[in-house]
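Numbering (the numbering used here), first residue to last: 6 to 369.
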Ligand SMILES: NC(=O)c1ccc[n+]([C@@H]2O[C@H](COP(=O)([O-])OP(=O)(O)OC[C@H]3O[C@@H](n4cnc5c(N)ncnc54)[C@H](O)[C@@H]3O)[C@@H](O)[C@H]2O)c1
């Protein structure tokens, strides 16, 4: 049903600049194409460090407000992810409103690519939820401003194993900080979500001798991963309350929230999911008070962006691995910074990113 709103009510809303998620975004572009049914929004948050890079998400949003909110939030997140990782990239993201299974056609993707091209390289797209490498290959036929294309077409290929390796590095740094050693042998680790990244993380963890428990809503997948890596399937009904050394959220965001935070017994949280803290300030601070070492998500899951950055900078696998391994040093530095400054680890990571952006602005 269409929401009916009077023009007086509309005036009070401040549709874009007054959105809660609006954080001085440089540009928000609405794209519409009647013939293909394309309805997309590109959010360009900040381009001080370089072109705004971030994936395209295709999702059946409940409302256009939700789509706008998502693109604003996600593009902002990309700015800080690139900045804290030391990449010369800004933050951007695109959302296409619709069901990727039924509404994504080659024509729609090509039209979307043309819109990206019209931004002249200020925004560079990549894969996100609802997109496949083949979609990026298609977009590449109409614009060079796309990354994450297939290896056969000269791209850096699947980012998930690199993302998982970065998460593993961040987890080791957090373990060093929390337990005095970065060796994960015999540590009890719960991996929630064993998709592309979760599986590769399980592989890294089992190679090091960690005691891994896996959790997923997909039973067939659970059995497949259990058999492949000899890990345990979690069979309880409240994972958060379990005794464990490390909780690795690798499914959805916001799992650290009002209903889970008081139950958590993990000593370290380190996972791939974006936006793990339902509220960065409230839940970040609560983790600090509880003495749980939280490795900020946007810092340790940056392997994927390091992988696609290689396509722009023309560096190879060795440099990708080197940059990803450096997540260990950055995480340790940020955990120490947080302690020294008496702030949350999320805030400490954010401060490092913001300082880099401010310094570059001054140089200009
Ligand atoms: N792929 C990357 O390179 C990358 C990079 C950065 C961040 N991330 C983030 O990491 C997370 C995982 O990414 P992915 O590429 O592995 O996704 P994926 O879709 O391959 O896997 C997600 C898995 O989580 C499971 N899942 C969904 N809801 C669940 C629930 N409530 N409880 C338990 N399991 C559940 C799904 O069944 C699936 O197996 C996502 O949040 C993604 O945004 C991924």
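Even for Gly, the Cβ is constructed at its ideal location relative to N, Cα and C.
Quick caveat: nothing in here was measured; it's all calculated off a predicted structure.
Please report the Cβ distance between residue 37 and residue 43, rounded to the nearest whole angstrom; I am assuming they are in contact, meaning their Cβ atoms lie under 8 Å. Counting from one through the chain shown, the residue named residue 37 turns up at place 32. Counting from one through the chain shown, the residue named residue 43 turns up at place 38. Yes, they are in contact, since the Cβ atoms of residue 37 and residue 43 sit about 7 Å apart, within 8 Å.
Taking the straight line between their C-alpha atoms, what separation do you get for residue 196 and residue 189? If you number the chain shown from 1, residue 196 lands on position 191. If you number the chain shown from 1, residue 189 lands on position 184. If I take the Cα positions, the gap works out to 14 Å.
Report the rounded CA-to-CA distance for residue 129 versus residue 47, giving the unit in angstroms. The residue you call residue 129 lines up with position 124 of the chain shown. The residue you call residue 47 lines up with position 42 of the chain shown. In this model, residue 129 and residue 47 are separated by some 10 Å (Cα to Cα).
Going by DSSP in three states, residue 370 sits in which element: helix, strand or coil? Any answer about residue 370 is impossible in this case: the structure gives the chain only from 6 up to 369.
CA-CA distance, residue 276 and residue 337? The count along the chain shown starts at 1 and reaches residue 276 at position 271. The count along the chain shown starts at 1 and reaches residue 337 at position 332. If you take the alpha carbons of residue 276 and residue 337, they lie about 15 Å apart.
Which residue spans inside the segment 237-262 form an unbroken beta strand (DSSP E) run of at least 3? Those beta strand (DSSP E) runs which fall completely within the segment 237-262 and span 3+ residues are 251-254.
Which value, in whole angstroms, describes the spacing of the CA atoms of residue 182 and residue 340? Within the chain shown, the letter at position 177 stands for residue 182. Within the chain shown, the letter at position 335 stands for residue 340. For residue 182 and residue 340, the distance between alpha carbons rounds to 7 Å.
Could you tell me how far apart the beta carbons of residue 89 and residue 303 are, in whole angstroms, since I believe they sit closer than 8 Å? In the chain shown, the residue the question calls residue 89 occupies position 84. In the chain shown, the residue the question calls residue 303 occupies position 298. Yes, they are in contact, since the Cβ atoms of residue 89 and residue 303 sit about 7 Å apart, within 8 Å.
Below 8 Å, can you find three or more Cβ-Cβ pairs linking the segment 208-215 to the segment 354-368? No, because fewer than three Cβ pairs between the segment 208-215 and the segment 354-368 fall closer than 8 Å, the two stretches do not touch.
Would you call the segment 134-153 and the segment 59-66 in contact, with 3 or more CB pairs under 8 Å? The segment 134-153, when compared against the segment 59-66, does touch it at the 8 Å Cβ threshold.
Nearest-angstrom Cα distance between residue 80 and residue 112? What you label residue 80 is simply residue 75 of the chain shown in a count that begins at 1. What you label residue 112 is simply residue 107 of the chain shown in a count that begins at 1. Just so you know, the alpha carbons of residue 80 and residue 112 end up roughly 25 Å apart.
Tell me the rounded alpha-carbon separation between residue 221 and residue 244. Here residue 221 is taken as the residue at index 216 of the chain shown, counted from 1. Here residue 244 is taken as the residue at index 239 of the chain shown, counted from 1. Rounded to the nearest angstrom, the two C-alpha atoms are 11 Å apart.
Residue 194: which of 239, 215, 348 sits nearest, CA to CA? Along the chain shown, read from residue 1 onward, the residue named residue 194 stands at position 189. When each option's Cα is compared against that of residue 194, the closest is 215.
Using DSSP bridges, identify the partner residues of residue 150. The count along the chain shown starts at 1 and reaches residue 150 at position 145. Partner(s): none; residue 150 has no beta bridge.
Relative to the alpha-carbon of residue 72, which residue among 102, 14, 273 has its alpha-carbon at the smallest distance? Residue numbering aside, residue 72 sits at position 67 when the chain shown is read from its first letter. Measuring from the Cα of residue 72, the nearest candidate turns out to be 102.
Leaving aside the five residues before and after residue 280 along the sequence, list all residues of the same chain whose C-beta is less than 8 Å from its C-beta, in chain order. Position 275 of the chain shown, counted from the first residue, corresponds to residue 280. In chain order, 78, 82, 258, 259, 302 place their CB closer than 8 Å to the CB of residue 280, counting only its own chain and leaving out the 5 sequence neighbours on each side.
Is residue 3 helix, strand or coil by DSSP? Past the edges of the chain, shown from 6 to 369, lies residue 3, and the structure says nothing about it.
Distance between residue 69 and residue 355 (C-alpha atoms, nearest Å): Translated into the one-based positions of the chain shown, residue 355 becomes position 350. Translated into the one-based positions of the chain shown, residue 69 becomes position 64. About 29 Å.
8 Å contact criterion, which residue 253 and residue 206 should meet: CB distance rounded: Residue numbering aside, residue 253 sits at position 248 when the chain shown is read from its first letter. Residue numbering aside, residue 206 sits at position 201 when the chain shown is read from its first letter. About 6 Å separates the two Cβ atoms, so the contact holds.
So for residue 101, helix, strand or coil by DSSP? Position 96 of the chain shown holds residue 101. Strand.
Give me whichever residues DSSP pairs with residue 62 in a beta bridge. Here the question's residue 62 lines up with position 57 in the chain shown. According to DSSP, residue 62 bridges with 100.
Can residue 121 and residue 152 be called in contact, C-beta distance under 8 Å? In the chain shown, the residue the question calls residue 121 occupies position 116. In the chain shown, the residue the question calls residue 152 occupies position 147. Residue 121 is not a Cβ neighbour of residue 152, given a cutoff of 8 Å.
Compare the C-alpha of residue 93 against each of 163, 56, 234 and name the closest. Locating residue 93 in the chain shown gives position 88, where the first residue counts as 1. Taking only the C-alpha atoms, the option nearest residue 93 is 56.
DSSP three-state assignment for residue 95, whether helix, strand or coil: Looking up residue 95 in the chain shown gives position 90. If DSSP states are grouped into helix, strand and coil, residue 95 belongs with the strands.
Terminal residues of the continuous alpha helix (DSSP H) containing residue 209? Looking up residue 209 in the chain shown gives position 204. Under the DSSP assignment, residue 209 falls in the alpha helix (DSSP H) whose first and last residues are 201-212.
Runs of 3 residues minimum, wholly inside the segment 254-323: which ones carry the beta strand (DSSP E) assignment? Runs found: none.
Buried or exposed: which applies to residue 263, given that a residue is buried once 16 or more other Cβ atoms fall within 10 Å of its Cβ? Start at 1 with the first residue of the chain shown, and residue 263 comes out as number 258. Result: exposed.
Which of helix, strand or coil does DSSP assign to residue 10? As a first step, residue 10 must be located in the chain shown, where it is residue number 5. Coil, per DSSP.
Quick check: what's the CA-CA separation for residue 322 versus residue 328? One-based indexing of the chain shown puts residue 322 at position 317. One-based indexing of the chain shown puts residue 328 at position 323. Cα-Cα distance, rounded: 10 Å.
Which two residues bound the contiguous beta strand (DSSP E) that contains residue 222? To locate residue 222, count along the chain shown from 1; it is residue 217. Unbroken run through residue 222: none, as it is neither H nor E.
Using only alpha-carbon positions, find the residue among 346, 142, 105 that is nearest to residue 371. Any question about residue 371 goes unanswered here, given that the chain covers just 6 to 369.
Please list the terminal residues of the continuous alpha helix (DSSP H) segment that includes residue 50. Within the chain shown, the letter at position 45 stands for residue 50. Annotation: residue 50 is outside any alpha helix (DSSP H); the continuous beta strand (DSSP E) that includes it extends over 43-51.
Comparing alpha-carbon positions, which option in 231, 349, 108, 162 lies nearest residue 284? Residue 284 sits at position 279 when you count from the first residue of the chain shown. The option with the nearest alpha carbon to residue 284 is 349.
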